[in-house]
DNA sequence: TTGGTTATTGACCGATTGGACAGTAAGTCA
DNA sequence: TGACTTACTGTCCAATCGGTCAATAACCAA
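Residue numbers (our numbering), protein chains in the order written: chain B, 695 to 888; chain W, 695 to 888.
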């Protein structure tokens with residue numbers, strides 16, 4: 695953990711505040727004033743630390759992505775076989791404190807901007823690329839390449855779909871169900887014997 | 695087709711115009727003025743036919759849903775076996791003219807409002823319920839009930855996920871791939887021999 | 001202390017937008 | 001024709017919001 699200046703800490707506080715507001719209000723409902731209020735500061739300060747609202751959201755998305763990445767990486771580090779790597783990716787994407795309706799709302803709202811916001815689109819591309827790469831590291835040793843690619847698309851789309859589903863109707867999926875359904879989608883030959 | 699009054703026709707035109715703008719601009723970017731311009735009318739007329747912007751979007755979502763429903767139902771009507779019903783649902787959800795990036799953007803934008811718009815949430819619930827019911831009509835004869843429910847969740851989440859994927863990175867999935875991946879997810883025992 | 005940088009505030013502005021409304025044209029029915 | 005309803009337009013308004021700016025406070029180095 696590198697030394698963090700006052701301004702880095704402040705920026706962090708504002709990102710967190712923005713993410714909290716985002717969960718409740720969506721991108722459009724998240725005004726600079728609400729973010730400031732959530733952080734216990736004045737609106738001016740937000741634009742003191744971020745050039746614009748768009749930049750704030752970009753950094754919020756980058757950070758949310760970083761948290762998710764760390765979760766998955768922590769599990770991946772403990773995995774030794776390809777099968778375990780697949781399970782790590784899947785379980786990492788459904789940890790209960792992230793796979794929760796408010797968080798899904800925030801992601802959904804950020805994703806809605808992707809088609810019209812180049813910066814967010816870049817972050818989104820990175821997310822998909824990493825997901826694909828993580829899955830492929832488990833699939834390549836077990837399947838022919840073309841099969842592996844299809845499987846990766848299948849699993850990552852399913853994960854996205856389950857997130858979306860939870861965002862749209864809270865309570866319709868539990869983390870355990872999501873993991874069970876996704877593991878089953880791997881197929882019996884890919885999931886490690888429990 | 696029932697007789698349609700002038701006002702019904704006008705409403706229809708405005709809904710279509712709104713859906714077209716929605717594809718380009720998203721819910722927030724879709725202004726009453728833009729909708730009016732797209733329909734070749736003045737802004738006042740939009741509020742003459744719809745009580746509010748929210749009501750306009752609700753009806754746009756209802757109509758988009760209706761189109762999708764008709765597509766699926768047309769295929770379902772030709773299906774005779776449970777397996778054929780499953781294929782009908784899947785192929786109906788990936789017809790090339792609907793499974794296209796602009797349409798996905800529009801849906802994504804509408805879905806983003808769901809957590810904060812009761813009327814849209816109701817439409818969304820209907821959509822999910824119908825999807826579930828359609829899938830169950832194919833699955834129930836072939837699987838024990840608890841298995842069928844899980845399978846239905848799996849397939850519908852996968853379909854949602856593939857739509858989301860296409861909206862987020864246009865060109866990353868073709869309708870053929872989407873159908874192939876989803877059919878494969880059914881499992882060999884459920885998909886009809888080709 | 002002093003001088004300069006950074007942190008923070010609150011006032012202000014221009015632009016946008018949903019919606020209200022008054023008024024006009026056009027059609028309908030007696 | 002004339003009364004009444006419906007279609008439609010353009011204007012206007014209040015509210016909101018992102019962003020600028022000037023002013024001030026706090027901090028820090030010399």
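Ideal placement from N, C-alpha and C gives every residue a C-beta, glycine not left out.
Mind checking which residues open and close the alpha helix (DSSP H) that includes residue 879 of chain W? For the purposes of this step, residue 879 of chain W is taken as residue 185 along the second chain, with counting starting at 1. Per DSSP, residue 879 of chain W belongs to the alpha helix (DSSP H) from 869-880.
Curious, which full-length alpha helix (DSSP H) runs of at least 4 residues does the segment 768-815 of chain W contain? Counting whole runs of 4 or more residues, the segment 768-815 of chain W contains the alpha helix (DSSP H) stretches 776-786, 795-807.
Using the Cα positions of residue 738 of chain W and residue 797 of chain W, report the straight-line distance between them to the nearest angstrom. On the second chain, residue 738 of chain W is found 44 positions in, with the first residue counted as 1. On the second chain, residue 797 of chain W is found 103 positions in, with the first residue counted as 1. Their backbone Cα atoms lie some 27 Å apart in a straight line.
How about residue 769 of chain W and residue 785 of chain W: are their beta carbons less than 8 Å apart? Sequence index remark: in the second chain, residue 769 of chain W carries index 75 (1-based). Sequence index remark: in the second chain, residue 785 of chain W carries index 91 (1-based). Against a cut-off of 8 Å, the Cβ pair of residue 785 of chain W and residue 769 of chain W comes out as a contact.
Interface residues of chain B facing residue 875 of chain W [CB-CB closer than 8 Å]: Locating residue 875 of chain W in the second chain gives position 181, counting from the first residue. The contacting residues are 844, 847, 848, 851.
When DSSP labels each residue in this structure, what does residue 851 of chain B get in the three-state scheme? Start at 1 with the first residue of the first chain, and residue 851 of chain B comes out as number 157. Reduced to three states, the DSSP call for residue 851 of chain B is helix.
If we count the other Cβ atoms within 10 Å of its Cβ and call it buried at 16 or more, is residue 646 of chain W buried or exposed? Here chain W covers residues 695 to 888 and nothing more, so residue 646 of chain W does not appear.
Which residues of the segment 804-817 of chain W have a Cβ closer than 7 Å to any Cβ of chain B? Give them in chain order. Going along the segment 804-817 of chain W in chain order, one finds 805, 806, 808, 809, 810 with a Cβ nearer than 7 Å to chain B.
Strictly under 8 Å for the Cβ-Cβ distance: is residue 819 of chain W near chain B by that measure? Residue numbering aside, residue 819 of chain W sits at position 125 when the second chain is read from its first letter. Yes - at least one Cβ of chain B is within 8 Å of the one on residue 819 of chain W.
Could you list which residues in chain B have their beta carbon closer than 9 Å to that of residue 879 of chain W, in chain order? Stepping through the second chain from its first residue, residue 879 of chain W is reached at position 185. For residue 879 of chain W, the residues of chain B that pass the 9 Å Cβ criterion are 848, 852, 879, in the order they occur in the chain.
Mind pulling the chain W residues with CB within less than 9 Å of residue 863 of chain B? Locating residue 863 of chain B in the first chain gives position 169, where the first residue counts as 1. Those are 808, 815, 818, 819, 822, listed as they occur along chain W.
Range covered by the alpha helix (DSSP H) that runs through residue 863 of chain W: In the second chain, the residue the question calls residue 863 of chain W occupies position 169. Per DSSP, residue 863 of chain W belongs to no alpha helix (DSSP H) and is neither H nor E.
Spatial neighbours of residue 850 of chain B in its chain, beta-carbon cut-off 8 Å, leaving aside the 5 residues before and after: In the first chain, residue 850 of chain B corresponds to position 156, counting from 1. Cβ neighbours of residue 850 of chain B beyond the five flanking positions: 822, 825, 826, 829.
Supposed contact pair residue 716 of chain B and residue 740 of chain B - C-beta distance, whole angstroms, cut 8 Å: Here residue 740 of chain B is taken as the residue at index 46 of the first chain, counted from 1. Here residue 716 of chain B is taken as the residue at index 22 of the first chain, counted from 1. Approximately 13 Å separates the beta-carbon atoms of residue 740 of chain B and residue 716 of chain B; this is outside 8 Å, ruling out the contact.
Chain W contact for residue 750 of chain B (CB, 8 Å cutoff): Your numbering for residue 750 of chain B matches position 56 in the first chain. Not an interface residue.
For residue 812 of chain B, count neighbouring Cβ atoms within 10 angstroms of its own Cβ and tell me buried if that reaches 16, exposed if not. Mapped onto the first chain, residue 812 of chain B falls at position 118. So residue 812 of chain B ends up on the exposed side.
Beta-carbon neighbours of residue 884 of chain W, restricted to chain B and to distances below 9 Å: In the second chain, counting from the first residue as 1, residue 884 of chain W sits at position 190. Those do not exist, as residue 884 of chain W stays about 13 Å from chain B at its closest Cβ, beyond 9 Å.
Residue 858 of chain B CB to nearest chain W CB: under 8 Å? On the first chain, position 164 is the one that residue 858 of chain B refers to. Residue 858 of chain B counts as touching chain W.
Opening and closing residue of the alpha helix (DSSP H) in which residue 719 of chain B lies: What you label residue 719 of chain B is simply residue 25 of the first chain in a count that begins at 1. That run of the alpha helix (DSSP H) goes 700-723.
Determine, using beta-carbon pairs with one atom in the segment 844-864 of chain W and one in the segment 860-877 of chain B, whether at least three such pairs fall under 8 Å. In short, these stretches touch, since the Cβ pair count reaches three.
Burial state of residue 749 of chain B, where buried means 16 or more other Cβ atoms lie within 10 Å: Walking along the first chain from the start, residue 749 of chain B turns up at place 55. That one is exposed.
Reduced DSSP secondary structure (H/G/I, E/B, other) of residue 751 of chain W: The residue you call residue 751 of chain W lines up with position 57 of the second chain. Of the three classes helix, strand and coil, the one that applies to residue 751 of chain W here is helix, per DSSP.
Three-state secondary structure assigned by DSSP to residue 727 of chain B: Within the first chain, numbered from 1, the residue matching residue 727 of chain B stands at position 33. Note: residue 727 of chain B maps to helix in three-state DSSP.
Need the endpoints of the alpha helix (DSSP H) that residue 734 of chain B sits in, please. The sequence position of residue 734 of chain B within the first chain is 40, counting from 1. Careful: residue 734 of chain B lies outside any alpha helix (DSSP H) and carries neither H nor E.
With a cut-off of 8 Å, does the C-beta of residue 870 of chain B fall near any C-beta of chain W? Here residue 870 of chain B refers to the residue found at position 176 when the first chain is read from its first residue. Chain W contact via Cβ: absent.
Tell me which residues of the segment 771-789 of chain B have at least one Cβ-Cβ distance to chain W shorter than 7 Å, keeping chain order. Against chain W - using a Cβ distance shorter than 7 Å - the segment 771-789 of chain B contributes no residues.
8 Å contact criterion, which residue 800 of chain B and residue 713 of chain B should meet: CB distance rounded: Within the first chain, residue 800 of chain B is the residue found at index 106, counting from 1. Within the first chain, residue 713 of chain B is the residue found at index 19, counting from 1. The Cβ separation is near 6 Å, so the contact holds.
Please identify the residue among B/845, B/818, B/836, B/793 whose C-alpha is closest to the C-alpha of residue 856 of chain B. By one-based count along the first chain, residue 856 of chain B stands at place 162. Answer by Cα proximity: B/793.
Beta carbon of residue 871 of chain B nearer than 8 Å to that of residue 862 of chain W: Start at 1 with the first residue of the first chain, and residue 871 of chain B comes out as number 177. Start at 1 with the first residue of the second chain, and residue 862 of chain W comes out as number 168. Cβ atoms of residue 871 of chain B and residue 862 of chain W: not closer than 8 Å.
On the criterion of 16 or more Cβ atoms from any shown chain inside 10 Å, does residue 868 of chain W qualify as buried, or is it exposed? Here residue 868 of chain W refers to the residue found at position 174 when the second chain is read from its first residue. So residue 868 of chain W ends up on the exposed side.
Straight-line gap, residue 809 of chain B to residue 831 of chain B (C-alpha atoms, nearest Å): One-based indexing of the first chain puts residue 809 of chain B at position 115. One-based indexing of the first chain puts residue 831 of chain B at position 137. Their Cα atoms are separated by approximately 29 Å.
Where residue 886 of chain B sits in the DSSP three-state scheme: Taking the first chain and counting its residues from 1, one reaches residue 886 of chain B at position 192. Annotated three-state conformation of residue 886 of chain B is coil, per DSSP.
Buried or exposed, going by whether 16 or more other CB atoms sit within 10 Å of the CB of residue 699 of chain W? Counting from one through the second chain, the residue named residue 699 of chain W turns up at place 5. Label assigned to residue 699 of chain W: exposed.
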